[in-house]
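Q: Here it is: the structure, laid out below.
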Amino acid sequence: MRSQEKPVAQLNGTRSGKLPSALCALLGAALLGGCLTPPPAVIALPVPEETRPQDARTFIPNVAALPFAALPGTTAETDRWTGVLDGAAYRIEVPRNWNGMLVMYTHGYAGTGPNLNVSNPAIRRHLIENGYAWAASSYSKNYYDVRAGLEDTNALALAFNGIAAANNRPLHAPLKRYIMGPSMGGHIAAAAVEQETLATAVHKVRYDGAVPMCGVLGDTDLYNYFGAYQMAAMELAGMPATSYPVPDFAALRQKITDALWTAYPSATTPRGDRLKAIVMNLTGGQRPIFEEGFRVKPLQDAVWTAFAGDGTINGVLTRNIINTTGIVYRFSNAGAPSEEDIAFNRAIYRIAGTPEANRPRSDGMRWVPKVHGQFNVPVVTMHTLGDLYVPFGMEQLYRRRAMEQGNDKLLVQRAIRAPGHCDFSVAEQAAAFQAMADWEQKGIKPAGDDVLTPAVVADKNYGCNFTNNTAGKDDLPALAPTRASLPACTGAQNR
Numbered sequence: 001m002r003s004q005e006k007p008v009a010q011l012n013g014t015r016s017g018k019l020p021s022a023l024c025a026l027l028g029a030a031l032l033g034g035c036l037t038p039p040p041a042v043i044a045l046p047v048p049e050e051t052r053p054q055d056a057r058t059f060i061p062n063v064a065a066l067p068f069a070a071l072p073g074t075t076a077e078t079d080r081w082t083g084v085l086d087g088a089a090y091r092i093e094v095p096r097n098w099n100g101m102l103v104m105y106t107h108g109y110a111g112t113g114p115n116l117n118v119s120n121p122a123i124r125r126h127l128i129e130n131g132y133a134w135a136a137s138s139y140s141k142n143y144y145d146v147r148a149g150l151e152d153t154n155a156l157a158l159a160f161n162g163i164a165a166a167n168n169r170p171l172h173a174p175l176k177r178y179i180m181g182p183s184m185g186g187h188i189a190a191a192a193v194e195q196e197t198l199a200t201a202v203h204k205v206r207y208d209g210a211v212p213m214c215g216v217l218g219d220t221d222l223y224n225y226f227g228a229y230q231m232a233a234m235e236l237a238g239m240p241a242t243s244y245p246v247p248d249f250a251a252l253r254q255k256i257t258d259a260l261w262t263a264y265p266s267a268t269t270p271r272g273d274r275l276k277a278i279v280m281n282l283t284g285g286q287r288p289i290f291e292e293g294f295r296v297k298p299l300q301d302a303v304w305t306a307f308a309g310d311g312t313i314n315g316v317l318t319r320n321i322i323n324t325t326g327i328v329y330r331f332s333n334a335g336a337p338s339e340e341d342i343a344f345n346r347a348i349y350r351i352a353g354t355p356e357a358n359r360p361r362s363d364g365m366r367w368v369p370k371v372h373g374q375f376n377v378p379v380v381t382m383h384t385l386g387d388l389y390v391p392f393g394m395e396q397l398y399r400r401r402a403m404e405q406g407n408d409k410l411l412v413q414r415a416i417r418a419p420g421h422c423d424f425s426v427a428e429q430a431a432a433f434q435a436m437a438d439w440e441q442k443g444i445k446p447a448g449d450d451v452l453t454p455a456v457v458a459d460k461n462y463g464c465n466f467t468n469n470t471a472g473k474d475d476l477p478a479l480a481p482t483r484a485s486l487p488a489c490t491g492a493q494n495r
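Oh and the sequence shown: position 336 is 336 in full-length UniProt numbering, straight run, nothing missing.
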């Protein structure tokens, strides 16, 4: 039971000649007896949790859009059910030849609008043709509300049998439950199998395996990256930040991009080249397809739009979570920090944030569930190499956390040669899911990529082993031309 929370002072950022301590090591070399009646027991009452802007927002399930048709081009017969559960819309599909296993699909970030929509899994065909049932929730809230997404997904998983019975198809409880999803859905899928989630969730579900795709595997560290990118861009553009949030950042954006690009975002100025070097190192280091990803306008726009926030993740938190005090900015990607690296790290403004902005709650999970690497089921991830929005470096952070917890033997990661965010072919997603399922069901551990060794990640053929450029009938039309423009693999598997 939580005692009354003490006020936490807002920490100020710094801009001085002193390095934050977290960087110094790296850049400089880490009742009375008898018959007396006892007093009545004191009953401690729960302390109400604070409210946040997200709690006051209203969202509406888009019921009219819920019905969905049988998948064309398949002989698999299914039952399909839709409805609303605790404010969240849902879709469920169960093959007539159900194999007894259920896959919970978690959609990605759906913006800040009021309407709640459900997304079908991209690998729907693979699932139903292999006998898997699947279910997907719209979640009861939009915005980056991972807690709502996780609780609503778990609630739907627990309601699966009741919904089936209400639709005149009594089913036994699932023999296995798996969870998978992209982006914010990848954050949900990874957090769903964490020990902290199992201990603190209101709706508790023990999944047997997970497939987070292009996931926010560093939880709030994603926002540290956004803050670091913003501070670096302003510093290099000659408009250094002196406070955070940055006043009138939207008005400054054009001046900053004009200083760093000759043609945004395809051609950089010399100062923009230095920014590109920093961003490469912030997002995972030297690797193939980074250059192509850096030039993807929707991703750059998404990142720059994120800069205009105040660190509360649009009111999902009540205080600033961004902390760049431990960020090491590098222009070089090998060897000891250069004099230029050291000077830049001394000069740049540091965002300190509020340590308790995402503290444990007394009423359930944290507002942004953590991904500590504390899991005990098979996890297979995949990530595109050029992604700047949820960068490949999330995979490296996840691997290190799993290693710290002694769980890295349960983690397999795959790199995909594509420049966009979650820019996967259906074949790549189906292969990752099946690899996890075969591992969990048959004990066959799948192959994966080394995400930590710089020389391996920098190799020109990195990501070739699990990239599948074959566009299937369920792929978006844009897949083939996007993949065709990328550097070809040589001397390695290339489908």
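Even glycine gets a Cβ: it sits at the ideal position worked out from N, Cα and C.
1) Is Asp387 close to the ligand ADP? I mean its beta-carbon at under 8 Å from any heavy atom of the ligand.
2) Can you tell me the Cα-Cα spacing of Asn168 and Val63, whole angstroms?
3) On the criterion of 16 or more Cβ atoms from any shown chain inside 10 Å, does Thr78 qualify as buried, or is it exposed?
4) Can you find at least 3 beta carbon pairs, one from the segment 355-373 and one from the segment 146-159, that sit closer than 8 Å?
5) Where do the ends of the alpha helix (DSSP H) carrying His187 lie?
6) Determine the burial state of Leu317: buried for a count of at least 16 other Cβ atoms within 10 Å of its Cβ, exposed for fewer.
7) If you follow the beta strand (DSSP E) that Ile416 is in, where does it begin and where does it stop?
8) Excluding the 5 residues preceding and the 5 following Asn407 in the sequence, name in chain order all residues of the same chain whose CB lies nearer than 8 Å to its CB.
9) Rank Trp81, Glu428, Lys442, Asn97 by C-alpha distance to the C-alpha of Asp474 and give the top, closest one.
10) Considering only the beta carbon of each residue, do Thr283 and Pro419 sit closer than 9 Å?
11) My understanding is that Asn461 touches Ser425, with C-beta atoms under 8 Å, so please give their C-beta distance in whole angstroms.
12) Look up His372 in the DSSP assignment and say whether it is helix, strand or coil.
13) Determine whether the beta carbon atoms of Asp449 and Gly472 lie at a separation below 9 Å.
14) When DSSP builds the beta bridges, which residues end up paired with Arg80?
15) Taking only the alpha-carbon atoms, compute the straight-line gap between Trp304 and Leu236 and give it to the nearest angstrom.
16) With DSSP as the reference, please indicate the residues paired to Val118 in a beta bridge.
17) My understanding is that Tyr389 touches Leu299, with C-beta atoms under 8 Å, so please give their C-beta distance in whole angstroms.
18) What is the rounded straight-line gap between the Cα of Gly227 and the Cα of Ala164?
19) Do you know offhand how far His203's Cα is from Lys276's?
20) On the DSSP bridge list, what partners appear for residue 498?
21) Are the CB atoms of Leu217 and Glu395 nearer to each other than 9 Å?
22) Tell me, to the nearest whole angstrom, how far the beta carbon of Val211 is from that of Val380; I am working on the premise that it is less than 8 Å.
23) Is DSSP giving Trp367 helix, strand or coil here?
24) By a C-beta neighbour count over all protein chains shown, 10 Å radius and 16 as the cutoff for buried, is Thr153 buried or exposed?
25) Based on the DSSP secondary-structure assignment, which residues constitute the bridge partners of Leu85?
26) Just how far apart, CA to CA, sit Ile342 and Ile348?
27) When you compare only the Cα positions, how much space is there between Pro481 and Ile289?
28) Whole angstroms is fine: what's the gap from Leu385's alpha carbon to Tyr229's?
29) State the Cα-Cα distance for the pair Ala484 and Glu291, rounded to the nearest angstrom.
30) Provide the residue span of the beta strand (DSSP E) that contains Met382, from first to last.
31) Between which residues of its own chain and Val279 is the CB-CB distance below 8 Å, once the five residues before and five after are set aside?
32) On the three-pair Cβ rule with 8 Å, is the segment 118-127 touching the segment 187-194?
33) Could you give the distance in angstroms between the alpha-carbon of Gly285 and the alpha-carbon of Asp86?
34) Leaving out the 5 sequence neighbours to the left and right, which residues in its chain are closer than 8 Å to Phe59 when beta-carbon positions are compared?
35) Note down the Cα distance separating Gln413 from Leu198, rounded to an integer number of angstroms.
36) Let me confirm a value: Pro454 is counted as buried when at least 16 other C-beta atoms fall within 10 Å, else exposed. Which label applies?
A: In terms of the structure at hand:
1) The ligand ADP is absent from the structure shown, which contains no ligand whatsoever.
2) Mapped onto the sequence shown, residue 168 falls at position 168. Mapped onto the sequence shown, residue 63 falls at position 63. If I take the Cα positions, the gap works out to 21 Å.
3) Here residue 78 corresponds to residue number 78 of the sequence shown, with the count starting at 1. That one is buried.
4) yes
5) Position 187 of the sequence shown, counted from the start, is the residue given in the question as residue 187. Here the alpha helix (DSSP H) through His187 covers 184-192.
6) For this step, residue 317 is matched to residue 317 along the sequence shown. So Leu317 counts as buried.
7) Position 416 of the sequence shown, counted from the start, is the residue given in the question as residue 416. It spans 411-416 - the beta strand (DSSP E) in which Ile416 sits, taken as one unbroken run.
8) By one-based count along the sequence shown, residue 407 stands at place 407. Excluding positions up to five away in sequence, the list reads Gly373, Gln374, Phe375, Asn376.
9) Taking the sequence shown and counting its residues from 1, the one referred to as residue 474 is at position 474. Measuring from the Cα of Asp474, the nearest candidate turns out to be Glu428.
10) On the sequence shown, residue 283 is found 283 positions in, with the first residue counted as 1. On the sequence shown, residue 419 is found 419 positions in, with the first residue counted as 1. In this structure, Pro419 does not lie closer than 9 Å to Thr283 by Cβ.
11) To locate residue 461, count along the sequence shown from 1; it is residue 461. To locate residue 425, count along the sequence shown from 1; it is residue 425. Contact flag wrong, Cβ pair sits at about 18 Å.
12) By 1-based counting over the sequence shown, the position of residue 372 is 372. Looking at His372 - three-state DSSP - the assignment turns out to be coil, as it is neither helix nor strand.
13) Taking the sequence shown and counting its residues from 1, the one referred to as residue 449 is at position 449. Taking the sequence shown and counting its residues from 1, the one referred to as residue 472 is at position 472. Result no, Cβ atoms of Asp449 and Gly472 do not sit closer than 9 Å.
14) Along the sequence shown, read from residue 1 onward, the residue named residue 80 stands at position 80. DSSP, once it has assigned bridges, lists Glu93 as partnering Arg80.
15) The sequence position of residue 304 within the sequence shown is 304, counting from 1. The sequence position of residue 236 within the sequence shown is 236, counting from 1. If you take the alpha carbons of Trp304 and Leu236, they lie about 15 Å apart.
16) Looking up residue 118 in the sequence shown gives position 118. Answer is none; Val118 lacks a bridge partner.
17) Within the sequence shown, numbered from 1, the residue matching residue 389 stands at position 389. Within the sequence shown, numbered from 1, the residue matching residue 299 stands at position 299. At roughly 5 Å, the Cβ-Cβ gap stays under 8 Å, so Tyr389 and Leu299 are in contact.
18) As a working note, residue 227 is residue 227 in the sequence shown. As a working note, residue 164 is residue 164 in the sequence shown. Between Gly227 and Ala164, the C-alpha separation is close to 46 Å.
19) As a first step, residue 203 is located in the sequence shown; it is residue number 203 there, counting from the start. As a first step, residue 276 is located in the sequence shown; it is residue number 276 there, counting from the start. Going from the Cα of His203 to the Cα of Lys276 covers about 43 Å.
20) Because the chain spans 1 through 495 in this model, residue 498 falls outside it and cannot be assessed.
21) Taking the sequence shown and counting its residues from 1, the one referred to as residue 217 is at position 217. Taking the sequence shown and counting its residues from 1, the one referred to as residue 395 is at position 395. Contact flag set, yes.
22) Translated into the one-based positions of the sequence shown, residue 211 becomes position 211. Translated into the one-based positions of the sequence shown, residue 380 becomes position 380. About 5 Å; that satisfies the 8 Å criterion.
23) Numbered from its first residue, the sequence shown carries residue 367 at position 367. If DSSP states are grouped into helix, strand and coil, Trp367 belongs with coil.
24) Here residue 153 refers to the residue found at position 153 of the sequence shown. Around the beta carbon of Thr153, 16 or more other beta carbons lie within 10 angstroms, which makes this residue buried.
25) Position 85 of the sequence shown, counted from the first residue, corresponds to residue 85. For Leu85, which the question treats as bridged, DSSP gives the partners Ala88.
26) Residue mapping note: residue 342 aligns to position 342 of the sequence shown, counting from 1. Residue mapping note: residue 348 aligns to position 348 of the sequence shown, counting from 1. Ile342 and Ile348: Cα-Cα distance of roughly 10 Å.
27) If you number the sequence shown from 1, residue 481 lands on position 481. If you number the sequence shown from 1, residue 289 lands on position 289. Whole-angstrom Cα-Cα distance: 15 Å.
28) In the sequence shown, counting from the first residue as 1, residue 385 sits at position 385. In the sequence shown, counting from the first residue as 1, residue 229 sits at position 229. Cα-Cα distance, rounded: 18 Å.
29) What you label residue 484 is simply residue 484 of the sequence shown in a count that begins at 1. What you label residue 291 is simply residue 291 of the sequence shown in a count that begins at 1. Going by the C-alpha atoms only, they are around 16 Å apart.
30) Residue numbering aside, residue 382 sits at position 382 when the sequence shown is read from its first letter. That run of the beta strand (DSSP E) goes 379-384.
31) The sequence position of residue 279 within the sequence shown is 279, counting from 1. Spatial neighbours of Val279 in its own chain (CB-CB distance under 8 Å, excluding positions within 5 residues in sequence) are listed in chain order as Tyr229, Ala232, Phe294, Leu388.
32) no
33) Within the sequence shown, residue 285 is the residue found at index 285, counting from 1. Within the sequence shown, residue 86 is the residue found at index 86, counting from 1. Cα to Cα, the separation comes out at about 43 Å.
34) Counted from its first residue, the sequence shown places residue 59 at position 59. Close CB contacts of Phe59 within its chain, under the 8 Å cut and outside five residues either way in sequence, are with Gly87, Pro114, Asn115, Leu116, Ser140, Lys141, Asn142 (chain order).
35) As a working mapping, residue 413 is identified with position 413 in the sequence shown. As a working mapping, residue 198 is identified with position 198 in the sequence shown. Cα to Cα, the separation comes out at about 23 Å.
36) Along the sequence shown, one-based indexing puts residue 454 at 454. Exposed, by the Cβ-count rule.
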